[in-house]
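Here's the structure, in structure tokens; my notes come after.
Protein chains in written order, with the working numbering: chain A, 10 to 391; chain B, 10 to 391; chain C, 10 to 391; chain D, 10 to 391.
Take a look at the structure:
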């Protein structure tokens, strides 16, 4: 192919590295991509870091100013792997410059800003994706297939909890994650947003919420904590199902507990991030929960890697799911078509932000909040 | 011993059988009881049932009127294993007649009635227990020991869910459990009350709540359902910890999922009823969760049965925990002393009922409710 | 019923207590027994112990000489809960005196002696049972039902391991369990015999074996160890399946790991003693392993206790399975009929002893040993 | 770096793809490699396949004759990802041509041939590795660290089982894996060899063995099966520990069960391939088994990928472990030093082959076989 897809990425931190590897590996997947991929420009405010990371992952050039990416007419896709407060302006600028945009979650520190990003990017007519990566985990994709096929019947309950313990020690120093201005909500935005998107992906939109949140460690070395260390919320979803959400960065001694559970009239399922390759399924009349290794030929993404043969089941990684995500975006660009319906766009990024805001408000005001979504008459919002 | 403890029990249904076996086995425990036990009178409105069950478990005589137990001067302990709407009057009458009282949970269909039971029974000067049996599960008793010893640090989060699926089929017929008058709240009272007591037992009183509840199947063969099929609630506990509760009798395909989790500043623990003999514990700096079989010599109740020797760990049963509960009551009676502080009394039954009522009100009115407890100045309530 | 079943039991140690409770509870089971039960005489060489245990469990009288039980014309059932070297003579004497006999496993320290017990007891025309209690665990009984129904197809592999760690510390003092004369083989007889019986119960007789064994701690405080601390064995079963067995009392840090696994042409199953109420089942074309809680109405023994209602699954105990075992024996005596085909008799006790002997010989001589069973033409052995 | 490491690889099948991706990703690891990497030549007898795979993974050129790789003076590393019967000659030729050699396991269809490969390759003075990939799984590497540090005390027991079900259906067609000439032993060579290497890696060499094996399906569409469908073996290891091994490609309904367990005087550990990121550890005096997620900063390979930060634990994949393996080889080449002691060389490939041969002989002749290793006086074999 004479001209492939040229990528410019903002952010060379932890998640930026993960995205870099994902683009490299997506381009080498067994599943056809339909284009070559070029890692053209990596930008980061930290000059030393951007040089190192670009060298490691093979970016052709570096910059300390994301505007150079936007200004580069040869770049097709803008990847925003920067911290939350650097999502809005760069994404809008890139889209206006005609670049497709993939942005990390949460889309913006507030629903108002997220709404603006979505509307502006959509108006620019480019493809856009918000990196709710969980949708590209095989177990989650399979859960969605099962639910869409009616295997669980009508969904009555959804519950989610996301428990980390990295901030339980008061001596953990201040960083942008603890700052309301830079990050938006804390555990609610960082952790809860993943699960809110899954509630929407698997069941229905969040309709109303009650919540509580806590700043357990108000002062850390280097700064004052201004967003929530932990939150709990209950909700009614659009289909009438009950839901509960919890997120914490101060939760005892958890490695990375991220678990969702769904109960319907015909069965139940559960997913646990630490056992990334498993989906637990319990169907009425067929006994209790069984652990399905979602790496067999019948499962989503089984064609992605080598593929897996008859000899069985080979665990994939968390980072591999980012390659699935990148592949979804790149192959749509290559084909000149819209993203598939299961891909998360900035519409989803906005909708999640609205639910996050509602939870934050419900917690602050100690009242039930109806979530109101803007642009309900928008074709894309239908 | 010339004169042992003579028991009269109301209720020959499922839980009445469990109590009957528990009294028999408590009297034969390795752990000293200090008295003999006589199963004197079993009462139930169903004459055929009471005859059969009395014969099976060796009750000396039967009755179809609980007042005969109250009137019998030779009965020392009144056990109330009747449905919820038969708790209040018989318990009070028995206590006034000088009998010690053990009553199944929930103590009463409303907090007001529960308060009355507690006050009247306490005023009678008899020993009293409300059958929050979970406190007598070795894993729960051990969890309390660990928390009291500070092994988990300050407790920040508590979560509980109790999921059954027996009522998800709309053809399941109506019974007293589905009736607000007879049973009080549905899943909230029947299932939630166990977990509310555990939050209190392991962490602190429930201070404020928000909740939502559902009647998913309003009409069943034989009657209209008037209490909740499912509820979700969030709460602030008295020590500032966040809490969440969920209970459902319409939850997908669960056998009996009853799980609690506690996160503190030094570690986390989890208990799952289906794995009754295990406690999962995760301590900071000592790796992830480990499954502790709570049947070894270091654990509560390890002296209770044979006892277990060096050869290892022998699973006990759910019904065995009722024997622990019975033994706690009987040995206090035998010794003429108060129940140990970890035993659940009618004070606990009342306090739980207050939190249940608050959750029901919070759900009905869609607002946060502060739980107000009566008789805070009572010595027993201190 | 005018005259019930009168029991005399030899042995008031750990397992004697378990049997005592089992007889009491079997007599109060929901499942009809057809007779009353009288705990008549408990015998043990230790006069103080026998008095205490008899008092606790309600034995009518005690003795320090088992011959008094044999001589008592009013005793119907002789229970032998004594150490292994007290199995042969008392069982034979009791049977000759016309008493039904239930004897703990292993039946005798050698196959030759076990054969003699079986033949003598069978010749006396009484009912007899060898306490391979695992057959009365609901999960095992259910596994047998599944296999008999062909749900696993043709069985190709069986594997078992029984791992304890109580003897890994060299300071654990000498007792009869470590003595070849008193106990017979060590881990092989004590632990392996359970699993050998399960191979026979679920698949087929042991046909040929190779094995290795170890005395890791030859000298303990109080005596020299003369039987195996650990063994491993491989075998061919009568149907051609491969099998492996392992047992150890010096295995690292295991509570009580006793696990069996079966693979057939249509599926696999696994049982783990520490999760007594669960059976893991994996059927071809139906995904991976699922954990079945074997306490529902469809399962063996679900009618035994209260019974369990629609509200779900209540874990039973290890000791409860002894009540199942006792009930099996008592109800056959009450009905005057033979034991059901799934009950383990002294024929099974003998057959297991023959396989144990073969493994011990295979280990000692480092060669494959064909297991030869005596009395193949016996009607009872057919 | 002006001149990097140039790789030539034989084999474009399933495992060849995995190796291709591994070389690409190893070159982009966070952990320094010290050289650039060039995927120069991919060879495979299937011209169409080699073209497709080379295109996907970015090999610069292709060939249908491995001799072209050997003859290319610009190739530094020869990777042999071909079927088992193409290991011996190409590896020896490549080494004689001065190329470093990495070869898939099993090293050769017989111990005699494996010995020849080892001696010839070692004599050529090049670096060499046999792809016992399990050593590069973080949980296994961590297990070795724990054992070397004495955390488990003296090792007394090792057990391993590798259960697949892909061949239980007799209609699965014949392929080279079922052919004794092409593949060597079946389940024993393909599956058992991994676990034999782990016994050696974690405990000690295999000293003596007894075994049994089965051809359950002798005839398949397309050919006669001439190697074992399943085997079981017991062994004594060099340090006196007992060991058992089992492998099957006809085992009921298993996805990919590959499990090892180790018991020492101070504790136990277990590893299960399907839960690749977990190691179960049980230490005396510290309760039961706990599941350690081996992806934290304290663990091997935690520096390899991004690296993982304070926010917790991100599952890696099976394929990632091949990148670890490739990185080990490439970084040694780059540094001009020997492989680290924990890396598996062709010496290990030979030693495993000797144990495999001994097990095959033990099964065929139904006798215990002492494993005799050649060149015990070799410096490399010390």
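For each residue, glycine too, the CB sits at the ideal point set by N, CA and C.
Query: Whole-angstrom distance between residue 273 of chain C and residue 96 of chain A, CA atom to CA atom; Result: 56 Å
Query: Distance, residue 311 of chain C Cα to residue 211 of chain B Cα; Result: 33 Å
Query: Start-end ranges of the beta strand (DSSP E) lying completely within the region 213–297 of chain B, minimum 3 residues; Result: 215–223, 239–246, 251–257, 266–273, 276–281 and 287–292
Query: Whether residue 265 of chain D touches residue 254 of chain D by CB criterion (8 Å); Result: no
Query: Terminal residues of the beta strand (DSSP E) in which residue 55 of chain C lies; Result: Careful: residue 55 of chain C lies outside any beta strand (DSSP E) and carries neither H nor E.
Query: Whole-Å CB distance - residue 197 of chain A paired with residue 240 of chain A, under 8 Å assumed; Result: 5 Å
Query: Selection of the region 228–246 of chain A by Cβ proximity to chain B, strictly under 9 Å; Result: 238, 239, 240, 241, 242, 243, 244 and 245
Query: Contact with chain D by residue 269 of chain A, beta-carbon distance below 8 Å; Result: no
Query: At least 3 beta-carbon pairs within less than 8 Å: the region 77–85 of chain D vs the region 112–120 of chain D; Result: no
Query: Through-space distance from residue 325 of chain B to residue 23 of chain C, alpha-carbon basis; Result: 15 Å
Query: Unbroken stretches of the beta strand (DSSP E), 3 residues or longer, contained in the region 103–174 of chain D; Result: 109–112, 137–139 and 164–172
Query: Residue 56 of chain C burial status per 10 Å Cβ neighbour count (16 or more: buried); Result: exposed
Query: Check whether residue 217 of chain B and residue 380 of chain B have beta carbons under 8 Å apart; Result: yes
Query: Residue 340 of chain D: first and last residue of the uninterrupted alpha helix (DSSP H) it sits in; Result: 327–344
Query: Sub-8 Å separation of residue 187 of chain A and residue 193 of chain A beta-carbons; Result: no
Query: Identity of the residues DSSP links to residue 70 of chain A by a beta bridge; Result: A:50
Query: Which of helix, strand or coil DSSP assigns to residue 101 of chain B; Result: helix
Query: Any C-beta of chain D under 8 Å from that of residue 379 of chain A; Result: no
Query: Cross-chain neighbours of residue 264 of chain C in chain D, by beta carbon under 7 Å; Result: 297
Query: Residue 361 of chain C and residue 202 of chain C closer than 8 Å at C-beta; Result: yes
Query: C-beta contact flag for residue 33 of chain C and residue 37 of chain B at 8 Å; Result: yes
Query: Close Cβ partners of residue 47 of chain B (< 8 Å) along its chain, the five nearest in sequence each way excluded; Result: 13, 14, 15, 16 and 69
Query: Integer Cβ distance of residue 231 of chain D from residue 299 of chain B, believed to fall under 8 Å; Result: In fact, because the Cβ distance is near 49 Å, the residues do not count as touching under 8 Å.
Query: Residues in the region 145–169 of chain B having any Cβ partner in chain D nearer than 8 Å; Result: none
Query: Any 3 or more C-beta pairs closer than 8 Å across the region 234–252 of chain B and the region 140–159 of chain B; Result: no
Query: Under 8 Å from the C-beta of residue 301 of chain C: neighbouring residues of chain A; Result: 296 and 297
Query: Spatial distance of residue 391 of chain D from residue 305 of chain D (CA atoms); Result: Caution is warranted here: a pLDDT of 37 is assigned to residue 391 of chain D, below 50, making its placement in the model unreliable, and no coordinate value can be reported.
Query: Alpha-carbon to alpha-carbon, residue 247 of chain A and residue 19 of chain D; Result: 56 Å
Query: Beta-carbon contacts of residue 224 of chain B that lie in its chain and below 7 Å, excluding the five residues immediately before and after; Result: 234, 237 and 238
Query: Proximity test, Cβ basis, 8 Å: residue 116 of chain A and chain B; Result: no
Query: Where residue 223 of chain B meets chain A, residues with beta-carbon distance less than 7 Å; Result: 251
Query: Three-state class that DSSP yields for residue 355 of chain D in the structure shown; Result: helix
Query: Cβ pair residue 377 of chain C, residue 376 of chain D closer than 8 Å; Result: yes
Query: Interface residues of chain D facing residue 15 of chain A [CB-CB closer than 9 Å]; Result: Under the 9 Å cutoff, chain D gives no residues; its nearest Cβ is about 17 Å from residue 15 of chain A.
Query: Under the three-state DSSP convention, the category residue 378 of chain C falls into; Result: strand
Query: Segment limits, alpha helix (DSSP H) that includes residue 202 of chain D; Result: 202–211
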